[in-house]
Amino acid sequence: MKYVIIGNSTAAVGCVEGIRSADKTGEIVMISNEVHHTYSRPLISYLISGKTDRERMKYRPDSFCEDNGCSLITGETVVKIDAENREVLLADGSRIAYGKLLVATGSAPFIPPAPGYDGVESKFTFMSLDDAEALAAAVTPESRVLIVGAGLIGLKCAEGIHEKVGSITVVDLADRILPSILDSTGSEIVKRHIEEKGVSFILGDSAAEFKGNTAVLKSGRELAFDILVTAVGVRPNVSLVKDAGGAVGRGIAVDSMSRTDLENVYAAGDCTECYDISAEERRVLALLPNAYIQGYTAGVNMAGGEARFDNAIPMNAIGFFGLHMITAGSYAGESYERIKDGKEYKRLITKDGLLKGYILIGDVRRAGIYTSLIRERTPLDTIDFELIKDSPQLMAFSKKERAAKLGVHTA
């Protein structure tokens, strides 16, 4: 069997390891449009700030491909999947045959159309290692930086550069920061914390036009800047599967075995959409842990094994300027909320006798217990949920369940 993997990031690594768990000798070829060894994308802000370096950003050791008998083609782009002939076509005109194919093409920054954008000289996105290094080379201690987008990417960018620039202003059309993962209460707590570090926010407004190094907002307000970073969101890279006739929604449609509806073609990671058990609907879940599990699942199945990933949920573990948070699941249902000292926030969301989601800011200890309740769909009437609300601990579970979670065999 010959396995071909399009991509070189988290899902691709998971796929290689999944394949090798079932097939020790089959040929594996990875094709990446980047020239870098596999690295952890969430760390690019720490690279700019000096908290890490390129060596420590590596997602796997330099010997990963050699250790796994895998060939890596870098700096090449796959432009077409020929599903009928089981081949992929590269931009240089060459073709590579496959027996099983994984599409792990990730996502790309979305640049909203705005008059004058093309004329902005110093403009950047913040998705890749190349993006981060280009931005780091451009900023100066006097730079006025405008970040369009107050989501995860925009705020991690702000954290990465704030000590290296003169000022940072973040603009977003939403009425709060991190609207995809936080409610209004949590958003305000994090916003105040970031503002204390010198970052300014303009919310409920957006860049309608650019005149050189001036942004004209929808409100009519004008903002002068030296550096522009666009971080309004991403779009899954679905075109290869779509053009080959595969099913695509917002992302590439996959089942619990990471299969597309194209024969012998699998997909994993940020380019896909899968079933979110907390929201009970298909969604794009662009998260590193999900990408790895999806990729591993695909690899096992590509190699003739059997694996399923059928408990996917959205989850983010992240921090900004020393304030940590973990969020997971969906927020539709009844809420239990607690705020402490203006910097700690807990919200638990329940529905139909199950924990469906949570937000933790500040104190994120033992969040894994809440995550486990969501993923395993544990009926709350089988545990001491009143205890877990305030103090997540294994004592809230039965002796048998505690033993199972701890990996202890009981008679």
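Per our numbering, the sequence shown starts with residue 840, numbered consecutively.
Positions of the beta carbon are idealized from the N, C-alpha and C atoms, including for glycine.
These figures come from a predicted structure and were not determined experimentally.
Annotation for Asp1011: the continuous beta strand (DSSP E) segment containing it runs Ser1006 to Asp1011. Distance between Arg1121 and Asp1115, taken at the CA atoms: about 6 Å. Taking Ser1026 as the centre and dropping the five residues before and after it, the same chain places the C-beta of Arg1015, Ile1016, Leu1017 and Pro1018 closer than 8 Å to its C-beta, in chain order. Where Met1141 is concerned, the enclosing alpha helix (DSSP H) starts and stops at Leu1127 to Met1141. When secondary structure is reduced to three states using DSSP, His1001 falls in the coil class, being assigned neither helix nor strand. By a beta-carbon distance limit of 8 Å, Val984 contacts Val1004. Their separation comes to about 5 Å. The shortest C-alpha to C-alpha distance from Glu1145 to any of Gly1168, Thr864, Ser1117 and Ser1097 is the one to Ser1097.
Three or more pairs of CB atoms, one per stretch, sit closer than 8 Å, so the stretch 920 to 937 contacts the stretch 1082 to 1089.
Taking C-beta separations shorter than 7 Å and ignoring five residues to either side along the sequence, the partners of Ser1023 in its chain run Arg1015, following chain order. Beyond the five residues adjoining it in sequence on each side, Pro954 comes within less than 6 Å, by CB distance, of Glu1048 in the same chain, given in chain order. Cα atoms of Val1139 and Leu1042: separation of roughly 45 Å, rounded to the nearest angstrom. Straight across, the Cα-Cα distance linking Asn1103 with Ala1092 is about 14 Å.
For the pair Lys890 and Phe965, the Cα-to-Cα distance works out to about 17 Å.
When the beta-carbon positions are compared, Met840 and Gly857 stay at least 7 Å from each other.
Buried is the label assigned to Phe1064, since at least 16 other Cβ atoms lie within 10 Å of its Cβ. By the Cβ test, the stretch 1154 to 1166 is in contact with the stretch 1192 to 1204, since at least three Cβ pairs between them sit closer than 8 Å.
Beta bridge pairing from DSSP links Asp1229 with no other residue.
The stretch 930 to 945 and the stretch 843 to 851 touch, with three or more beta-carbon pairs separated by less than 8 Å. Put simply, of Gly1158, Gly853 and Ser1169 the residue whose alpha carbon is nearest the alpha carbon of Lys1030 is Gly1158.
Note: Cys1113 is bridge-paired with Arg1122 in the DSSP secondary-structure output.
The criterion of a C-beta distance shorter than 7 Å is not satisfied by Val868 and Thr913.
Between Ile992 and Asn1155 the beta-carbon gap is near 12 Å, outside 8 Å, which marks them as no contact. In summary, Pro952 is exposed, with fewer than 16 beta-carbon neighbours lying within 10 Å of its beta-carbon over all protein chains present. Going by DSSP, Ser910 is part of the beta strand (DSSP E) stretching over Cys909 to Ile912. Contiguous beta strand (DSSP E) elements confined to the stretch 966 to 990 occur at 983 to 987, taking only those with 3 or more residues. Looking at the DSSP output, Asp1149 bridges to nothing. When rounded, the separation of the alpha-carbon atoms in Val1009 and Val1038 is 7 Å. Here Phe1148 is buried: its Cβ has 16 or more other Cβ atoms, across all protein chains shown, within 10 Å. When the beta-carbon positions are compared, Leu1062 and Asp1044 stay at least 7 Å from each other.
Under the three-state reduction of DSSP, Ser1078 is assigned to helix. Under DSSP, Lys919 takes part in a beta bridge, and its partners are Leu928.
Membership of Arg1205 in any alpha helix (DSSP H) is not indicated, and neither H nor E is assigned to it by DSSP. Setting aside the 5 residues that flank it on each side, Val918 is surrounded in the same chain by Leu928, Leu929 and Ala930, each with a C-beta closer than 7 Å to its C-beta; the list follows chain order. Taking C-beta separations shorter than 6 Å and ignoring five residues to either side along the sequence, the partners of Gly853 in its chain run Tyr1131, Gly1134 and Tyr1135, following chain order. For Arg934, the pairing in a beta bridge is given by DSSP as Leu928. Separation of Ala850 and Gly1143 (C-alpha to C-alpha, rounded to the nearest whole angstrom) is 18 Å.
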